[in-house]
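Each remark here refers to the structure printed beneath this line.
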Amino acid sequence: MKKVFLFFISLFLLNACSFDTNQDQGKIGQIGAEISAKDTLGKAVKLADDKSNIKVLVFFQNGCPSCLQELPSLDKFMQEHPNKISVYVINSVDKVEVVQVLAEQLNFKNIKVLTDDLKITNDRYAVFATPTTIILKDGIIKERILGEKPWQTFESKLISLL
Numbered sequence: 002m003k004k005v006f007l008f009f010i011s012l013f014l015l016n017a018c019s020f021d022t023n024q025d026q027g028k029i030g031q032i033g034a035e036i037s038a039k040d041t042l043g044k045a046v047k048l049a050d051d052k053s054n055i056k057v058l059v060f061f062q063n064g065c066p067s068c069l070q071e072l073p074s075l076d077k078f079m080q081e082h083p084n085k086i087s088v089y090v091i092n093s094v095d096k097v098e099v100v101q102v103l104a105e106q107l108n109f110k111n112i113k114v115l116t117d118d119l120k121i122t123n124d125r126y127a128v129f130a131t132p133t134t135i136i137l138k139d140g141i142i143k144e145r146i147l148g149e150k151p152w153q154t155f156e157s158k159l160i161s162l163l
């Protein structure tokens, strides 16, 4: 009985010691974490390789209409502001094959569609629901938007960061 009690106390203390380590991840003002995602061809993608000042991460899943709602407008916005903004839509829920088909259907010219089958990027940015949008400028998280948002609001946030 004493061993069982000590075992549970040890587990409790270990959990308490590790609880705060990720508490600030994904918060506004924090340095954005590197993503751990691949494009639809299986090639690893790194934010550090992208020279754009503004990076937008949109976490989505198939079957979520509000997840993809602003993406056509965002793709057009990117054409109007070349080399200033990069957009990555990241799926950590669906199988790679589903994401590949979706990427072909959406046929974005500028937006990069990625998969994160290990959910590492979700964890690094503390994403617990879709859609979640993270906007980074110069590597710092400037905006964190949970849920659906009107395009005009989203566009004005991007323009203010340009």
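Numbering-wise (this note's numbering), the sequence shown opens with residue 2 and increments by one. Ideal Cβ positions, reconstructed from N, Cα and C, are used throughout, including at glycine.
E71 is a Cβ neighbour of W152, given a cutoff of 8 Å. The beta carbon of I146 sits closer than 6 Å to the beta carbons of T134 from its chain, once the five residues preceding and following it are set aside; these are given in chain order. Distance from the CA atom of Q106 to the CA atom of C68, rounded to whole angstroms, is 15 Å. The C-beta of P66 has fewer than 16 other C-beta atoms within 10 Å across all chains shown, which makes the residue exposed. A check of alpha carbon separations from R125 across I29, K28, A34 and N54 identifies A34 as the nearest.
As a beta-bridge residue in DSSP terms, F60 pairs with I91 and T133. Counting of Cβ neighbours within 10 angstroms places V90 among the buried residues, the total reaching 16 or more. In the three-state DSSP reduction, T116 falls in the strand class (E or B).
Membership of D76 in the alpha helix (DSSP H) is indicated by the continuous run L72 to E81.
Nearest Cα to I55 within the set K120, A38 and D139: D139.
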